[in-house]
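Numbering (this note's numbering), first residue to last: 17 to 407. Glycine included, C-beta positions come from ideal geometry on N, C-alpha and C. Heads up: the structure comes next, in structure tokens.
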Ligand code: SF4
């Protein structure tokens, strides 16, 4: 259905498709027959030449995801090494430096958008309260699943595979029900809050390889908003609290998580579960209290408060790599951990706090229509569409 407004949006020759409205039709509506959407070379979505490249990258990442689940199920040692020692350690740096690249190729997003591509999505509008509820669930999942790594996921391939498959099914179902990316990528995905936290100052903005036309599925759209932070969020109090809490609590959460060791399946009991959750959640509350004190001190200084927010984001990712980068220490020279600490912490401090580019992750595609998302309706013949007049 999105295809049908393309000729309007680009002013293309659509004389064959356009039909004059009859006098009986209400004037705000125009009837447009289907046409094939092909973006102009300089449009804000990917060009016809770039499209096959992005599709190939998305297919490659989807194949990696499928292979990863296969490894986790049938060769767990290799699957766990690939998942927790390669993909996940690279992800924070990627979503910090080039979040748009990740958003364009994430295999879970490809699953989520599959119903759109297959033409079976119901395209229901996500209500504001729905986005807030899904955001709350997504963030709760983040704080529940990460400690679970210590008591199962880090060593149990089957459990990790089940988690990934469950997420893929939910992403697909949400993509079948809701408009564009509103059911998963911009709301329910548990990784999305981390993208918002670390992806504040991307080094590069990509064209949007997911949305041909913007249907305004999410407001604000995390992909298209320059200088997005967790606190640039919806109007509900829940969303505003979640954004603020994430910024303040995450450095402590990451630090606390590293204070717990991995438990083998036969060691997991009540004590292990309590330890796995008390350290990160306790530290995240301490971190949030410190953050709120800082916010109170700078309550009259917006600029200083913004720096405080970015400093907490830099502290979270620096803490992650402080503990993570030495990796298989026995294979590395003695000086490597110190060198990695000396490089990563100043780098993220500079990248997130001292730089000041106002970029978005992706360029917003041409708007389908001001009222596209909540005004469209298919006629009985299903080949004509009523599109609300663009203001
Ligand atoms: S660009 Fe538009 S359609 Fe795509 S995710 Fe953002 S708001 Fe939704």
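For this session: Look at the alpha carbon of residue 207 and the alpha carbon of residue 161, and state the distance between them as a whole number of angstroms.
Result: The count along the chain shown starts at 1 and reaches residue 207 at position 191. The count along the chain shown starts at 1 and reaches residue 161 at position 145. Distance between the alpha carbons of residue 207 and residue 161 is about 11 angstroms.
Exercise. Is the distance from the Cβ of residue 278 to the Cβ of residue 170 below 8 angstroms?
Worked result: Residue numbering aside, residue 278 sits at position 262 when the chain shown is read from its first letter. Residue numbering aside, residue 170 sits at position 154 when the chain shown is read from its first letter. For residue 278 and residue 170, yes; Cβs fall inside 8 angstroms.
Exercise. What is the rounded straight-line gap between the Cα of residue 364 and the Cα of residue 353?
Worked result: Locating residue 364 in the chain shown gives position 348, where the first residue counts as 1. Locating residue 353 in the chain shown gives position 337, where the first residue counts as 1. Between residue 364 and residue 353, the C-alpha separation is close to 16 angstroms.
Exercise. Looking at the C-beta of residue 333, does it have a partner C-beta in chain C at a distance below 8 angstroms?
Worked result: Annotation note: the requested chain C is absent from the structure, which comprises a single protein chain.
For this session: May I ask you to report which of helix, strand or coil DSSP gives residue 249?
Result: Within the chain shown, numbered from 1, the residue matching residue 249 stands at position 233. Residue 249 sits in coil when the DSSP states are folded into three classes, being neither helix nor strand.
Exercise. Got a sec: does the ligand SF4 put a non-hydrogen atom nearer than 7 angstroms to the Cβ of residue 315?
Worked result: To locate residue 315, count along the chain shown from 1; it is residue 299. With a cutoff of 7 angstroms, residue 315 does not count as near the ligand SF4, since its C-beta is closer than that to no heavy atom of the ligand.
For this session: Taking 8 angstroms as the threshold, find out whether the stretch 136-149 comes into contact with the stretch 66-77 through three or more Cβ pairs.
Result: No, they do not touch.
For this session: Hey, could you find the ends of the alpha helix (DSSP H) residue 316 is sitting in?
Result: In the chain shown, the residue the question calls residue 316 occupies position 300. Element bounds for residue 316: n/a, residue is neither H nor E.
Exercise. Run through DSSP, which three-state label would residue 380 get?
Worked result: Start at 1 with the first residue of the chain shown, and residue 380 comes out as number 364. Of the three classes helix, strand and coil, the one that applies to residue 380 here is coil, per DSSP.
Exercise. Looking at C-beta atoms only, is the number of pairs between the stretch 99-115 and the stretch 200-220 that lie closer than 8 angstroms three or more?
Worked result: yes
Exercise. Closest to residue 331 by CA distance: which of 367, 311, 88 and 133 is it?
Worked result: For this step, residue 331 is matched to residue 315 along the chain shown. Among 367, 311, 88 and 133, the Cα nearest to that of residue 331 is on 367.
Exercise. Name the DSSP beta bridge partners of residue 230, please?
Worked result: On the chain shown, position 214 is the one that residue 230 refers to. According to DSSP, which records beta bridges pairwise, residue 230 is partnered with 383.
Problem set entry | Residues that DSSP places opposite residue 222 in a beta bridge | Taking the chain shown and counting its residues from 1, one reaches residue 222 at position 206. Looking at the DSSP assignment, residue 222 forms a beta bridge with 378.
Problem set entry | Extent of the continuous alpha helix (DSSP H) run through residue 94 | The sequence position of residue 94 within the chain shown is 78, counting from 1. Note, residue 94: alpha helix (DSSP H), 92-98.
Exercise. Should residue 224 be counted as a contact of the ligand PLP given a C-beta to heavy atom distance under 7 angstroms?
Worked result: Within the structure as shown, the ligand PLP is missing, the only ligands being the ligand SF4.
Exercise. Are the Cβ atoms of residue 408 and residue 191 separated by less than 8 angstroms?
Worked result: Because the chain here runs from 17 to 407, residue 408 falls outside it and cannot be looked at.
Exercise. So who's on the other strand from residue 140, going by DSSP bridges?
Worked result: Your numbering for residue 140 matches position 124 in the chain shown. Residue 140 pairs with 194.
Exercise. Relative to the ligand SF4, is the shortest distance from any of its heavy atoms to the C-beta of residue 202 smaller than 7 angstroms?
Worked result: As a working mapping, residue 202 is identified with position 186 in the chain shown. The nearest non-hydrogen atom of the ligand SF4 is less than 7 angstroms from the C-beta of residue 202.
Exercise. What separation, rounded to the nearest whole angstrom, lies between the Cα atoms of residue 252 and residue 143?
Worked result: Indexing the chain shown from 1 puts residue 252 at position 236. Indexing the chain shown from 1 puts residue 143 at position 127. About 11 angstroms.
Exercise. How many angstroms separate the CA atom of residue 378 from the CA atom of residue 321?
Worked result: Counting from 1 along the chain shown, the entry for residue 378 is found at position 362. Counting from 1 along the chain shown, the entry for residue 321 is found at position 305. About 26 angstroms.
For this session: Using 10 angstroms around the beta-carbon of residue 358, count the other beta-carbons present and answer buried if the total reaches 16, otherwise exposed.
Result: Counting from 1 along the chain shown, the entry for residue 358 is found at position 342. Classification of residue 358: exposed, given that the 10 Å Cβ count is below 16.
For this session: Report yes if the C-beta distance between residue 128 and residue 83 is below 8 angstroms; otherwise report no.
Result: Taking the first residue of the chain shown as position 1, residue 128 is located at position 112. Taking the first residue of the chain shown as position 1, residue 83 is located at position 67. In this structure, residue 83 does not lie closer than 8 angstroms to residue 128 by Cβ.
For this session: Report whether the distance from the Cβ of residue 350 to the nearest heavy atom of the ligand SF4 is below 7 angstroms.
Result: Here residue 350 refers to the residue found at position 334 when the chain shown is read from its first residue. The answer is no for residue 350.
For this session: Drop a sphere of 10 angstroms on the beta-carbon of residue 316, count the other beta-carbons inside from all chains shown, and report buried for 16 or more, exposed for fewer.
Result: Against the chain shown, residue 316 aligns to sequence position 300. Classification for residue 316: exposed.
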